[in-house]
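To start, the structure under review is shown below, and the notes come after it.
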Amino acid sequence: MEKLYRRNPHEWRKGNYPSMDAAVARAFDARSEFHFAELGNRRGADAIVLALKPEYSGDRVFAFGVGLASMVFLAYNGKMEFYLTESLDPQKLYNSARNIEIAAWKLANTRDGRGEPLLLSNDLAGDVRNLSFEREFGKMIAYQDVMAQIAAQRTNRVIRRVVQSLATAAFLPI
809 MEKLYRRNPH EWRKGNYPSM DAAVARAFDA RSEFHFAELG NRRGADAIVL
859 ALKPEYSGDR VFAFGVGLAS MVFLAYNGKM EFYLTESLDP QKLYNSARNI
909 EIAAWKLANT RDGRGEPLLL SNDLAGDVRN LSFEREFGKM IAYQDVMAQI
959 AAQRTNRVIR RVVQSLATAA FLPI
């Protein structure tokens, strides 16, 4: 989220935060459980969809970051910490990994009416291509996939795999 704010510094100002750090701290405040009035209490995919609506005038980075973080939070049964004896639903973890893929694609490809990206992320122009966001999203996806595999092996469950085109992809339920 901090990286997105660095590429889009005008966004945290939309939320009337004194600094980028204040916006990030608010998004990850454990007491909120990712319920924020300015997002209409949207979490997960709903917050990501809001962030990428061209008509949305609020802090897009905040909405996108809250959406991603709460999606992962919900995949872990809405807990910030858990114990080895507790079980996780491998399908929720798998679905969250696919949703991160969809969110990354939508972030890179959603444009406004003038054809400009709604949020700057990767930079493909110039001599040096900056794909650092792709790497970050790849790590998040890999972590969720590994946790899904561990949870599936632990409970002897099978993960239903979903194949879909990213261009028309709908977010999967968590």
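Sequence positions in the sequence shown follow the working numbering and run 809 to 982.
We put the beta carbon where it would ideally sit given N, CA and C, even for glycine.
A straight line joining the alpha-carbon of ALA911 with that of THR893 spans about 31 Å. The segment 829-844 makes no contact with the segment 891-906: fewer than 3 CB pairs, one atom from each, lie closer than 8 Å.
Three or more Cβ pairs closer than 8 Å define a contact, and the segment 945-957 falls short of that threshold against the segment 816-826.
Comparing alpha-carbon positions, the option among GLY946, ALA959 and GLU889 lying closest to ASP897 turns out to be ALA959.
In the same chain as ARG965, and ignoring 5 residues on each side of it, the C-beta atoms closer than 7 Å to its own belong to PRO898, in chain order.
Contact check for LEU812 and VAL874: beta-carbon distance about 12 Å, past the 8 Å limit, so the pair fails to qualify.
In chain order, MET879, VAL880, ALA883, GLN952 and ILE982 place their CB closer than 7 Å to the CB of SER904, counting only its own chain and leaving out the 5 sequence neighbours on each side. Separation of GLU846 and LYS947 (C-alpha to C-alpha, rounded to the nearest whole angstrom) is 29 Å.
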